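Engineer: Structure in structure tokens, see below.
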């Protein structure tokens, strides 16, 4: 089988039918052999019934226990039968040309390609939801840098909501890390590990996907808690991936400075993120040891590989 489309679903009944209809149309247009797989993470709405009744051609893996986004994706990719996997959020709809646009890179690019990430826009097509994202190193932190090129370009990060990758390489990397639960930064973590392994990622703006945004998680957690989760996972990303001693020292120097500065200004966002991240330090250390043999490229080389138009190392 040439490719699989994997959709991790949790309480996506409001969006799922539109998502699946658009994906089936796009996948058929490729004239490749494919399968469409929905992994339902113990939804409490009618998601599973929608798949069973309206989309009998879709393979459904329905669990009785909610285990989170990363586990759901990992199960879907492990069960997939295609050489390449297109991973989509349950609240994404795609154009007819979408699957061909992202899969075409695996035919044209060199053998070092790991993944292709798509541009996503809001439902009305007017406002971008996700464009090309890279990063620079500033004041002990990896600062995200957004751009909106009109042509395909190398990129640091894939977004799990609309991307494609080589299934065997995803499995070799160990899939998404579950300590990022409930979600966020696990796709950036996977992307960085792929680059550290010596592979490449591509951003493809042609044929963007249409995305509602943080629908399920925002309803469940609310804006403030969701922000704390994102900030905590940012720290977990750094702690599990940094290997350059210069960057590690810089992070250790600037993190307490940033916490103290925020406290003095009446904010505790970074402090809360730090307190939530610290209990996972044992798991992070085990993760670093497990990954060590897969790292072939330094942090500095990864950052130098992408031209963001900004300095990557603004301080020692």
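Residue numbers (the working numbering): 82 to 397. From the three backbone atoms N, C-alpha and C, an ideal C-beta is built for every residue, glycine too. Quick caveat: nothing in here was measured; it's all calculated off a predicted structure.
Where do the N-terminal and C-terminal ends of the alpha helix (DSSP H) with residue 269 fall, by residue?
Structural biologist: Looking at the DSSP string, the run of the alpha helix (DSSP H) that includes residue 269 is 267-277.
Engineer: Using 6 Å as the cut-off, classify the Cβ of residue 108 as near or not near the heavy atoms of the ligand NAP, replying yes or no.
Structural biologist: Here there are no bound small molecules, and the ligand NAP is not part of this structure.
Engineer: Could you tell me whether the region 226-244 touches the region 272-287, where touching means 3 or more Cβ pairs closer than 8 Å?
Structural biologist: Contact holds: three or more Cβ-Cβ distances are below 8 Å.
Engineer: Can you tell which of 135, 140, 107 and 145 has its C-alpha closest to the C-alpha of residue 125?
Structural biologist: The shortest Cα separation from residue 125 among 135, 140, 107 and 145 belongs to 145.
Engineer: Can you tell me which residues form a DSSP beta bridge with residue 357?
Structural biologist: The partner list for residue 357 (beta bridge, DSSP) is empty, contrary to what the question assumes.
Engineer: Hey, is the region 93-102 in contact with the region 165-182, meaning 3+ C-beta pairs nearer than 8 Å?
Structural biologist: Yes: at least three Cβ pairs fall under 8 Å.
Engineer: Mapping the DSSP letters down to three states, classify residue 92 as helix, strand or coil.
Structural biologist: Here residue 92 sits in coil by DSSP.
Engineer: Under 8 Å: do the region 150-159 and the region 173-193 share three or more Cβ pairs, one atom per stretch?
Structural biologist: Too few Cβ pairs lie closer than 8 Å, so no.
Engineer: Please tell me whether residue 166 and residue 141 are closer than 7 Å, where the distance is taken between their beta carbons.
Structural biologist: Cβ atoms of residue 166 and residue 141: not closer than 7 Å.
Engineer: How many Å lie between residue 117 and residue 94 at the Cα?
Structural biologist: Going by the C-alpha atoms only, they are around 17 Å apart.
Engineer: Would you call the region 349-364 in contact with the region 181-195, where contact means no fewer than 3 C-beta pairs closer than 8 Å?
Structural biologist: With the cut-off at 8 Å, the region 349-364 and the region 181-195 do not touch.
Engineer: Using the C-alpha atoms, what's the distance from residue 340 back to residue 346?
Structural biologist: When rounded, the distance between both Cα atoms is 10 Å.
Engineer: Specify the secondary structure class of residue 387 as computed by DSSP and reduced to three states.
Structural biologist: Three-state result, residue 387: coil.
Engineer: Hey, how far is the Cα of residue 279 from the Cα of residue 342?
Structural biologist: Rounded to whole angstroms, residue 279 to residue 342 spans 38 Å at the Cα level.
Engineer: By DSSP's criteria, residue 305 is part of a beta bridge. Which residues make up the other side?
Structural biologist: DSSP, once it has assigned bridges, lists no residue as partnering residue 305.
Engineer: Among 240, 190, 82 and 321, whose alpha-carbon lies nearest the alpha-carbon of residue 358?
Structural biologist: Ranking 240, 190, 82 and 321 by Cα distance to residue 358 puts 321 first.
Engineer: Could you check which residue in 201, 275, 367 and 365 has the C-alpha nearest to that of residue 288?
Structural biologist: The candidate whose alpha carbon is nearest that of residue 288 is 201.
Engineer: If we ignore side chains and look at the alpha-carbon of each, how far apart do residue 396 and residue 219 end up?
Structural biologist: Only weak support is given to the placement of residue 396: the predicted model assigns it a pLDDT of 34, under 50, and the value that follows is read from those uncertain coordinates. The straight-line gap from Cα to Cα measures roughly 7 Å.
Engineer: Who are the near neighbours of residue 262 in its chain, counting only those whose CB is closer than 6 Å to its CB and skipping five residues on each side?
Structural biologist: Excluding sequence neighbours, residue 262 sits near 149.
Engineer: Going by DSSP, what residues sit across from residue 216 in a beta bridge?
Structural biologist: Looking at the DSSP assignment, residue 216 forms a beta bridge with 225.
Engineer: Taking the alpha helix (DSSP H) that residue 128 falls in, what are its first and last residues?
Structural biologist: Residues 128-135.
Engineer: Do the region 127-137 and the region 202-213 meet, that is, are 3 or more Cβ pairs less than 8 Å apart?
Structural biologist: Short answer: they don't touch.
Engineer: Any idea what DSSP makes of residue 394, helix, strand or coil?
Structural biologist: Since pLDDT at residue 394 reaches only 36, below the 50 mark, its modelled position is unreliable, and the value read off the structure follows with that caveat. Strand, per DSSP.
Engineer: Taking the straight line between their C-alpha atoms, what separation do you get for residue 164 and residue 247?
Structural biologist: So the alpha carbons of these two residues sit roughly 6 Å apart.
Engineer: In angstroms with no decimal places, state the Cα-to-Cα distance between residue 313 and residue 255.
Structural biologist: If you take the alpha carbons of residue 313 and residue 255, they lie about 22 Å apart.
Engineer: I'd like the ranges of any alpha helix (DSSP H) spanning at least 4 consecutive residues and lying wholly in the region 151-214.
Structural biologist: Within the region 151-214, the complete alpha helix (DSSP H) runs of at least 4 residues are 179-189.
Engineer: Do residue 96 and residue 115 have their C-beta atoms closer together than 7 Å?
Structural biologist: No, they are not a contact pair.
Engineer: For the beta strand (DSSP E) containing residue 285, name the first residue and the last one.
Structural biologist: Here the beta strand (DSSP E) through residue 285 covers 281-292.
Engineer: Determine the direct distance from the alpha carbon of residue 274 to that of residue 112, and round the result to whole angstroms.
Structural biologist: Each residue's alpha carbon lies about 32 Å from the other.
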